[in-house]
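First up is the structure itself, then whatever we jot down about it.
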Amino acid sequence: MLDSLQDHLARARGIGDAYYDYRGELRAFSPATKNAILAAMGCRVDDVTAIENELAELDAERWRTVLPSVAVIRPGRTGLIIALPADQLDRPIEWDLQLEDRSSRAGCVRTSDLTEWERRELDGRWLTRRMLVLPDDLPHGYHRLRARVPDGSECECALVVAPGRCYEPAVLSRGQRLWGVALQLYTLRSTTNWGIGDFSDLEAVLRLCAPHGAAFVGLNPLHALFPANPSHFSPYSPSTRHFLNVLYVAVEALPEFGECEAARGMVEAADFQQELRRLRAVPNVDYPGVAHAKLPVLRVLYEHFRRQHLAFVSERAQAFLASRRERGEPLRLHALHDAIDEHLRGVDPGRYWGWPAWPEGLRDPGLPGVRDFERQNDESVQFHAWLQWLADDQLRSVQRLAVELGMPLGLYGDYAVGVN
Numbered sequence: 095m096l097d098s099l100q101d102h103l104a105r106a107r108g109i110g111d112a113y114y115d116y117r118g119e120l121r122a123f124s125p126a127t128k129n130a131i132l133a134a135m136g137c138r139v140d141d142v143t144a145i146e147n148e149l150a151e152l153d154a155e156r157w158r159t160v161l162p163s164v165a166v167i168r169p170g171r172t173g174l175i176i177a178l179p180a181d182q183l184d185r186p187i188e189w190d191l192q193l194e195d196r197s198s199r200a201g202c203v204r205t206s207d208l209t210e211w212e213r214r215e216l217d218g219r220w221l222t223r224r225m226l227v228l229p230d231d232l233p234h235g236y237h238r239l240r241a242r243v244p245d246g247s248e249c250e251c252a253l254v255v256a257p258g259r260c261y262e263p264a265v266l267s268r269g270q271r272l273w274g275v276a277l278q279l280y281t282l283r284s285t286t287n288w289g290i291g292d293f294s295d296l297e298a299v300l301r302l303c304a305p306h307g308a309a310f311v312g313l314n315p316l317h318a319l320f321p322a323n324p325s326h327f328s329p330y331s332p333s334t335r336h337f338l339n340v341l342y343v344a345v346e347a348l349p350e351f352g353e354c355e356a357a358r359g360m361v362e363a364a365d366f367q368q369e370l371r372r373l374r375a376v377p378n379v380d381y382p383g384v385a386h387a388k389l390p391v392l393r394v395l396y397e398h399f400r401r402q403h404l405a406f407v408s409e410r411a412q413a414f415l416a417s418r419r420e421r422g423e424p425l426r427l428h429a430l431h432d433a434i435d436e437h438l439r440g441v442d443p444g445r446y447w448g449w450p451a452w453p454e455g456l457r458d459p460g461l462p463g464v465r466d467f468e469r470q471n472d473e474s475v476q477f478h479a480w481l482q483w484l485a486d487d488q489l490r491s492v493q494r495l496a497v498e499l500g501m502p503l504g505l506y507g508d509y510a511v512g513v514n
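Each residue of the sequence shown is one higher than the one before, starting from 95 at the first, in my numbering.
This is the structure in structure tokens:
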């Protein structure tokens, strides 16, 4: 009996029974694995009465909650289950959907017209779970659904509209086969990079491969790391997967570099050139050395950009500001994180190794201390946002080149499983 209850609780808690491994073989989870996960979730797995009580509470919660916290719909399955008192079936439900693109949809339906899924009595009242069908032409994305139920209360949930299957390029769906070259961008060597493969090197690879019929160039994850801590360099342990590793920026390819005499003077200096030769010659990538070379020059270029572009709202400044608006709050928070991280590592790198060790007033972006930091260090925050724009702009340029060269796919990027 205990084994059966443990299995039931695992399913109720969202733990699967098995999975297919990379060979396509079905692998079942052992009871010990399931129980260990349940225990980590705070469940008592060795007490029959405790499990029965938890199962009863989980089931009751399905009936007490009008909308789930998250619902996923796909083509042909555009409905989600809502739970309502059965004595309100003659009344309407009003719903509105705020789409990811900021447009909206709305509708109204009578509860009695919805297909009933199940019914039960709970706490002396009959409840019904019914299928609310939404329009079948909703765009893919992450949306927000709100519903006003017959008793006048409102509820909401995250609504994910997912495709029926993963994207497949048309050339593959026609049965053709494609080949390409896979590489780790950071390992590329050239006479022009600064000790790490950069986006200019990537353009060179495309120009070499495309004439031979390569359809794509596969890349290691290019996710953002920690600019203030270049010794943390694993592409599979990023700070976030939404942004890019700014050390891949090809500094001398930037328009600002051609405009800025001060930056060119830094790079042309004999000791700087000697350091570049060393960085290109070492057997492994010297990440701290690369960062020490690139970031100070990029700061000089940012000051030039601020004086010569932002101050006059040049075309390039407008492109940066438009990108910053488009990336919105996620970019602001990422740039703010990197600015705080940089500041605190400058104070004491051994102590402030990451946000869990930061002063308590800086650990949550909603705290007054963070807002004060942002006001006092606005240019530092904007510098890190600017770096992301540079990296994104250069990467987009590489993909445009792939299209121009006739590559069916162009860049094919790997994606880290998680974040640091």
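Beta carbons are placed, not taken as given, at the ideal position from N, Cα and C, and that holds for glycine. Please read these numbers as outputs of a predicted model, since none were measured by experiment.
Bridge-paired residues (DSSP) for residue i
i: residue 187; result: 203
i: residue 461; result: None, per the DSSP bridge assignment.
i: residue 277; result: 313
i: residue 509; result: Bridge partners of residue 509: none, in fact.
i: residue 165; result: 253
i: residue 103; result: Answer is none; residue 103 lacks a bridge partner.
i: residue 455; result: According to DSSP, residue 455 bridges with nothing at all.
i: residue 171; result: 168
i: residue 177; result: 223
i: residue 504; result: 310
Beta-carbon proximity of residue i to residue j, cut-off 7 angstroms
i: residue 485; j: residue 338; result: yes
i: residue 323; j: residue 508; result: no
i: residue 251; j: residue 165; result: yes
i: residue 333; j: residue 351; result: no
i: residue 446; j: residue 456; result: no
i: residue 138; j: residue 130; result: no
i: residue 478; j: residue 433; result: yes
i: residue 391; j: residue 345; result: yes
i: residue 336; j: residue 462; result: no
i: residue 202; j: residue 188; result: yes
i: residue 330; j: residue 510; result: yes
i: residue 230; j: residue 286; result: no
i: residue 104; j: residue 128; result: yes
i: residue 168; j: residue 258; result: yes
i: residue 122; j: residue 112; result: yes
i: residue 183; j: residue 163; result: no
i: residue 174; j: residue 226; result: yes
i: residue 480; j: residue 396; result: yes
i: residue 193; j: residue 142; result: no
i: residue 459; j: residue 427; result: yes
Residue i beta carbon near the ligand FMN (any heavy atom closer than 6 angstroms)
i: residue 97; result: No copy of the ligand FMN occurs in the structure displayed, which carries no ligand at all.
Integer Cβ distance of residue i from residue j, believed to fall under 8 angstroms
i: residue 161; j: residue 241; result: 6 angstroms
i: residue 341; j: residue 385; result: 6 angstroms
i: residue 199; j: residue 191; result: 4 angstroms
i: residue 233; j: residue 185; result: Wrong, their Cβ atoms sit about 30 angstroms apart, outside the cutoff.
i: residue 429; j: residue 475; result: 5 angstroms
i: residue 492; j: residue 296; result: 5 angstroms
i: residue 398; j: residue 357; result: 7 angstroms
i: residue 488; j: residue 343; result: 6 angstroms
i: residue 394; j: residue 354; result: 7 angstroms
i: residue 284; j: residue 304; result: Actually they do not touch by this definition, with Cβ atoms about 18 angstroms apart.
Count Cβ pairs between the region 378-391 and the region 284-297 that sit closer than 8 angstroms; are there 3 or more?
The region 378-391 makes contact with the region 284-297, as at least three CB pairs between them are under 8 angstroms.
Could you say if the region 267-274 and the region 500-512 meet the contact criterion of at least three C-beta pairs nearer than 8 angstroms?
Contact between the region 267-274 and the region 500-512 is present, because at least three Cβ pairs lie under 8 angstroms.
Residue ranges of each beta strand (DSSP E) run of no fewer than 3 residues wholly in the region 188-260, ordered along the chain?
Complete beta strand (DSSP E) runs here, min 3: 198-204, 209-216, 219-227, 235-242 and 248-255.
If you scan the region 299-358 from start to end, which runs of the alpha helix (DSSP H) of 4 or more residues do you find wholly inside it?
Assignment of alpha helix (DSSP H) within the region 299-358, counting only whole runs of 4 or more residues, yields 349-353 in chain order.
Please go through the region 110-147 and give each complete alpha helix (DSSP H) segment of 4 or more residues, from N-terminal end onward.
With a minimum length of 4 residues, the continuous alpha helix (DSSP H) runs that stay inside the region 110-147 are 125-134.
Would the region 234-242 and the region 251-261 be scored as touching if the rule is three or more Cβ pairs under 8 angstroms?
Touching, yes.
Ignoring anything shorter than 4 residues or poking outside the region 363-427, list the alpha helix (DSSP H) runs there in chain order.
Here the runs fully enclosed are 364-375 and 381-399.
Does the region 403-415 touch the region 305-313, meaning 3 or more C-beta pairs lie closer than 8 angstroms?
Segments in contact, no.
Three or more beta-carbon pairs under 8 angstroms between the region 206-225 and the region 177-186, yes or no?
Taking 8 angstroms as the limit for Cβ pairs, the verdict is that the region 177-186 does touch the region 206-225.
Please give me, in chain order, every unbroken run of the alpha helix (DSSP H) with length at least 4 that falls completely inside the region 466-501.
Entirely contained in the region 466-501, the alpha helix (DSSP H) runs reaching 4 residues are, in chain order, 472-498.
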